[in-house]
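K.L.:
Note that our numbering has the sequence shown beginning at 1, numbered continuously upward.
Where is the CB? At the ideal position from N, CA and C, for every residue including glycine.
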Amino acid sequence: MKTKQKATVKKVTSTNGSMVDISLKFNEGWSYSPAPESTDHVSIKERYELFIGGKFVKPIKGKYFATINPATEKKISEVANASSEDVDKAVKAARKAFGPWSSLPARERGKYVYRIARMMQEKARELAVIESIDGGKAIRESRDIDIPLAAAHFFYYAGWADKLDYAFPNKKPKPLGVAGQIIPWNFPLLMAAWKIAPAIAVGNTVILKSAETTPLTSLKLAEIIQEAGLPDGVVNIITGAGDTGAAIVNHPDIDKIAFTGSTSVGKIIQKAIAGTDKKATLELGGKAANIILDDAPLDQAVEGIINGIYFNQGHVCCAGSRLFVQEGVAETVIRKLKDRMQTLIVGDPLDKNTDIGAINSKEQLATINKYIKIGKKEGADFYQSACDIPERGYWCRPTLFLNVSQSHRIAQEEIFGPVLAVQTFRTVDEVIEKANNTPYGLSAGIWTDKGSKIFNITSKLRAGVIWANTYNKFDPASPFGGYKESGFGREGGLPGLQAYLNLG
Ligand code: ADP
1 MKTKQKATVK KVTSTNGSMV DISLKFNEGW SYSPAPESTD HVSIKERYEL FIGGKFVKPI
61 KGKYFATINP ATEKKISEVA NASSEDVDKA VKAARKAFGP WSSLPARERG KYVYRIARMM
121 QEKARELAVI ESIDGGKAIR ESRDIDIPLA AAHFFYYAGW ADKLDYAFPN KKPKPLGVAG
181 QIIPWNFPLL MAAWKIAPAI AVGNTVILKS AETTPLTSLK LAEIIQEAGL PDGVVNIITG
241 AGDTGAAIVN HPDIDKIAFT GSTSVGKIIQ KAIAGTDKKA TLELGGKAAN IILDDAPLDQ
301 AVEGIINGIY FNQGHVCCAG SRLFVQEGVA ETVIRKLKDR MQTLIVGDPL DKNTDIGAIN
361 SKEQLATINK YIKIGKKEGA DFYQSACDIP ERGYWCRPTL FLNVSQSHRI AQEEIFGPVL
421 AVQTFRTVDE VIEKANNTPY GLSAGIWTDK GSKIFNITSK LRAGVIWANT YNKFDPASPF
481 GGYKESGFGR EGGLPGLQAY LNLG
C-alpha cells in the first residue's frame, strides 16, 4: 500500500496585499513505497511459561492467555497466567537467591549486569521487531529508542555496582531484599530495564510482572538472563493481569514495590502497602504542558510538539498532551502543526517509514475514542490528519483539539493516545498558572530563545522532568519521576539506585 496524504488549501496575505496559496500539496510527491523490516531472524514460541528460579516452569493452575498483534488483531503467542501460588513460588526463589547474590563481590554482580546489556545489544534487532509486533509501536522507535535505551540502562547500572561507596559516601549502602516490580505496556522492555538493572546491580533480587498485552520482550529478556548465567532466582519474570500484580503487592515477603502504570492502580497499591514495611516507588500518569513562547524557534518547536504527543502513539506518561502557545505565534504554529500532522504516516509498525503505529489494544482504542467524543461534545474544535489507515487493527489518526479550556476533560484527564489539547496564553504568569493547574506533575516542555525565560519558568513548574527546547529525551543517568498524582520516587541516575538501597 502506498501512503498518500491529502491537501488542505491555505491562503495568507502577501506583502503587496494579494492572497497567496501556501498550502503544501500532500497529494503530490508525498507517497512512500513500503519498507518492511525483515522478520526472518525472529523466533517467537507458541507458548511461554513463567521464568522462576532460573527455569521456565508451567503455571501451577495451568492457565494461559493470548497476546495479540494490535496491527493485525492476530494471536502471536500465549503466555502463562500466574496465580498467587506462582507469585509465592517466585518470591521464595527470589528470597533464596538474595543472600548469595547480595554477598557476591559487587564487581562480580556488575559483570553479570554488563553481560546482560551486551546480549541485549546482540539481539537488538530481534527484540525491536518483537516489541513492535507485540505492542504496535513503529519499528523506527523500538529499533532506535526502546531497545538501545534498555541496554543502556543495564550498562549504566553495571558501572555503578562496585562504586556505591563513591555514590553514597559514608552511608554504608545495603540492598533492600526482594523487589516486586510491575510494569505497563507502553515501553515493555525499557520499563523492565529501568526496574531490573538498578535493583540487581546493588544486590536485590526481583520478581517482575509484565503487562498483559505486551509480555513477549520481557520473556525474551528472561531467555537472555538465563543464557547470561545469572544465578537462579535473582531475576524472576512472570506474566499475568491485575490480580497477579495484586498478589505481588500483597505478598508478605516482599520488601519493595516498584510500579509504573495508571494513577488509579497506584492508589490501590499505596492503600495495600500502607502500614507495612514495604518501600515503594510509583510512577503514574501525566498530563504535561508543552509551552511555546513567541520567541521560540517555531519549526523546531513544531517538531517538538509532534514528538511530544505522537511519539509511541501518545502512549507515554510524560507525553506533551497539553499544548500552550503564546497568542502572537498561535496562528503560525497551528498552521505549521497541521501541515506536519498531514505528513505523518500511520500504519504497519514494521514498516520503517511508519511514524505512528497501532494503538496497543482494542480497550485503549475505545478509551481514546471516548475522549475524542468527549472533546467534541465539550465544544473544542476537532482536527485530524487525513491519512489512510489499514482496515484491520487498532488505529487512531493524529488528532488535535483547538479552543480547549482549562475545565475541559480533555485538558484535565490523561488520554494516553495521539490526541493533543491546544490552548493559548498571553503572559508567562498565566501559562505557569495554567500549566500547574492539573492533578499531575510528571513532565513539561518549554520552547524559547531566552535562557532566562527557561530558568524562570522551569523553576516555577511543578513537574519532575522538564525539557527545554526539546522533548521526550531520556538517558539512564537522568532521574525520572513525578509529583502529586504522577507518583513519587525516581528511576534513573543515582536517585534510581538509592530507591533500591538502605542508606544506614
Ligand atoms: P493501564 O490502565 O494503562 O493498563 P494499569 O495501571 O492498569 O495501566 O496497568 C499497569 C500494570 O499494573 C500492568 O502490569 C497491570 O497488570 C498491573 N495491575 C493492574 N491492576 C493491578 C493491581 N490491582 N495491583 C497490582 N498491579 C496491577
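Taking the alpha carbon of alanine 211 as the reference point, which residue from Thr205, Asn204 and Leu219 has its own alpha carbon closest?
P.N.:
Numbered from its first residue, the sequence shown carries residue 211 at position 211. Alanine 211 has its Cα closest to that of Leu219, out of Thr205, Asn204 and Leu219.
K.L.:
Can you tell me whether leucine 400 is buried or exposed? The criterion is at least 16 other CB atoms within 10 Å of its CB, across all chains shown.
P.N.:
Stepping through the sequence shown from its first residue, residue 400 is reached at position 400. Label assigned to leucine 400: buried.
K.L.:
Closer than 8 Å is the cut-off here; do at least three beta carbon pairs connect the region 141 to 161 with the region 95 to 112?
P.N.:
A contact exists between the region 141 to 161 and the region 95 to 112.
K.L.:
Should proline 36 and alanine 358 be called a contact, given that it needs their Cβ atoms to be closer than 8 Å?
P.N.:
Here residue 36 refers to the residue found at position 36 when the sequence shown is read from its first residue. Here residue 358 refers to the residue found at position 358 when the sequence shown is read from its first residue. No, the Cβ-Cβ distance between proline 36 and alanine 358 is not below 8 Å.
K.L.:
What residue from Ser83, Leu230 and Leu350 has the CA that sits closest to threonine 205's CA?
P.N.:
Here the question's residue 205 lines up with position 205 in the sequence shown. Nearest option by C-alpha distance: Leu230.
K.L.:
Look at the alpha carbon of lysine 11 and the alpha carbon of methionine 119, and state the distance between them as a whole number of angstroms.
P.N.:
The count along the sequence shown starts at 1 and reaches residue 11 at position 11. The count along the sequence shown starts at 1 and reaches residue 119 at position 119. Spanning the two alpha carbons is a distance of roughly 55 Å.
K.L.:
From alanine 468 to isoleucine 446, what distance separates their C-alpha atoms?
P.N.:
By 1-based counting over the sequence shown, the position of residue 468 is 468. By 1-based counting over the sequence shown, the position of residue 446 is 446. If I take the Cα positions, the gap works out to 5 Å.
K.L.:
Using the beta-carbon count (16 or more within 10 Å), is arginine 490 buried or exposed?
P.N.:
Residue mapping note: residue 490 aligns to position 490 of the sequence shown, counting from 1. Looking at its Cβ environment, which holds 16 or more other Cβ atoms inside 10 Å, arginine 490 is buried.
K.L.:
Taking the alpha-carbon positions, what's the alanine 193 to leucine 365 distance?
P.N.:
As a position in the sequence shown, residue 193 is number 193, starting the count at 1. As a position in the sequence shown, residue 365 is number 365, starting the count at 1. Near 27 Å, if we compare the C-alpha coordinates of leucine 365 and alanine 193.
K.L.:
Between valine 129 and threonine 39, which are expected to be in contact by the criterion C-beta below 8 Å, what is the C-beta distance as a whole number of angstroms?
P.N.:
Walking along the sequence shown from the start, residue 129 turns up at place 129. Walking along the sequence shown from the start, residue 39 turns up at place 39. Correct: roughly 6 Å between the Cβ atoms.
K.L.:
Could you check the C-alpha separation between valine 465 and aspartate 86 for me, to the nearest Å?
P.N.:
One-based indexing of the sequence shown puts residue 465 at position 465. One-based indexing of the sequence shown puts residue 86 at position 86. For valine 465 and aspartate 86, the distance between alpha carbons rounds to 37 Å.
K.L.:
Are the CB atoms of alanine 280 and isoleucine 268 nearer to each other than 8 Å?
P.N.:
What you label residue 280 is simply residue 280 of the sequence shown in a count that begins at 1. What you label residue 268 is simply residue 268 of the sequence shown in a count that begins at 1. In this structure, isoleucine 268 does not lie closer than 8 Å to alanine 280 by Cβ.
K.L.:
Based on the DSSP output, what are the partners of arginine 322 in its beta bridges?
P.N.:
Counted from its first residue, the sequence shown places residue 322 at position 322. Per DSSP, Ala289 and Ala421.
K.L.:
Which of the three DSSP states is assigned to leucine 164 in this structure?
P.N.:
The residue given as residue 164 occupies position 164 in the sequence shown. Of the three classes helix, strand and coil, the one that applies to leucine 164 here is helix, per DSSP.
K.L.:
Which of the three DSSP states, helix, strand or coil, is assigned to valine 465?
P.N.:
Residue 465 sits at position 465 when you count from the first residue of the sequence shown. It is a strand residue.
K.L.:
Let me check one thing: in DSSP terms, what residues is alanine 366 bridge-paired to?
P.N.:
What you label residue 366 is simply residue 366 of the sequence shown in a count that begins at 1. For alanine 366, which the question treats as bridged, DSSP gives no partner whatsoever.
K.L.:
Return the residue from the list Pro173, Thr213, Leu216 and Pro188 that minimises the CA-CA distance to alanine 199.
P.N.:
Translated into positions along the sequence shown, residue 199 becomes position 199. Comparing Cα positions, the closest option is Pro173.
K.L.:
Would the beta-carbon of glutamate 485 be found less than 7 Å away from any heavy atom of ligand 1?
P.N.:
The residue you call residue 485 lines up with position 485 of the sequence shown. Every heavy atom of ligand 1 is 7 Å or more from the Cβ of glutamate 485, so no.
K.L.:
Drop a sphere of 10 angstroms on the beta-carbon of aspartate 339, count the other beta-carbons inside from all chains shown, and report buried for 16 or more, exposed for fewer.
P.N.:
Taking the sequence shown and counting its residues from 1, one reaches residue 339 at position 339. So aspartate 339 ends up on the buried side.
K.L.:
Could you give the DSSP three-state label for tryptophan 447: helix, strand or coil?
P.N.:
On the sequence shown, position 447 is the one that residue 447 refers to. If DSSP states are grouped into helix, strand and coil, tryptophan 447 belongs with the strands.
K.L.:
Rounded to the nearest angstrom, what separates valine 333 and glycine 314 at their Cα positions?
P.N.:
On the sequence shown, position 333 is the one that residue 333 refers to. On the sequence shown, position 314 is the one that residue 314 refers to. Rounded to whole angstroms, valine 333 to glycine 314 spans 20 Å at the Cα level.
K.L.:
At 4 residues or longer, and completely inside the region 375 to 426: list those alpha helix (DSSP H) runs for me, N to C.
P.N.:
You should have 409 to 412.
K.L.:
Given serine 14, which residues of its chain have a CB within under 8 Å of its CB, disregarding the five upstream and five downstream residues?
P.N.:
Position 14 of the sequence shown, counting from 1, holds the residue named residue 14. Correct list, in chain order: Val20.
K.L.:
With a threshold of 7 Å, establish whether the CB of isoleucine 196 neighbours any heavy atom of ligand 1.
P.N.:
Indexing the sequence shown from 1 puts residue 196 at position 196. Isoleucine 196 Cβ: outside cutoff for every heavy atom of ligand 1.
K.L.:
For a test of the three-state rule: what should DSSP assign to asparagine 250, helix, strand or coil?
P.N.:
Here residue 250 refers to the residue found at position 250 of the sequence shown. Asparagine 250: helix per DSSP, three-state reduction.
K.L.:
Could you tell me the distance, in whole angstroms, from the CA atom of glycine 482 to the CA atom of lysine 25?
P.N.:
As a first step, residue 482 is located in the sequence shown; it is residue number 482 there, counting from the start. As a first step, residue 25 is located in the sequence shown; it is residue number 25 there, counting from the start. Distance between the alpha carbons of glycine 482 and lysine 25: 42 Å.
K.L.:
At a cut-off of 7 Å, is serine 321 close to ligand 1 when judged by its beta-carbon and the heavy atoms of the ligand?
P.N.:
If you number the sequence shown from 1, residue 321 lands on position 321. It does not: the Cβ of serine 321 is nowhere closer than 7 Å to a heavy atom of ligand 1.
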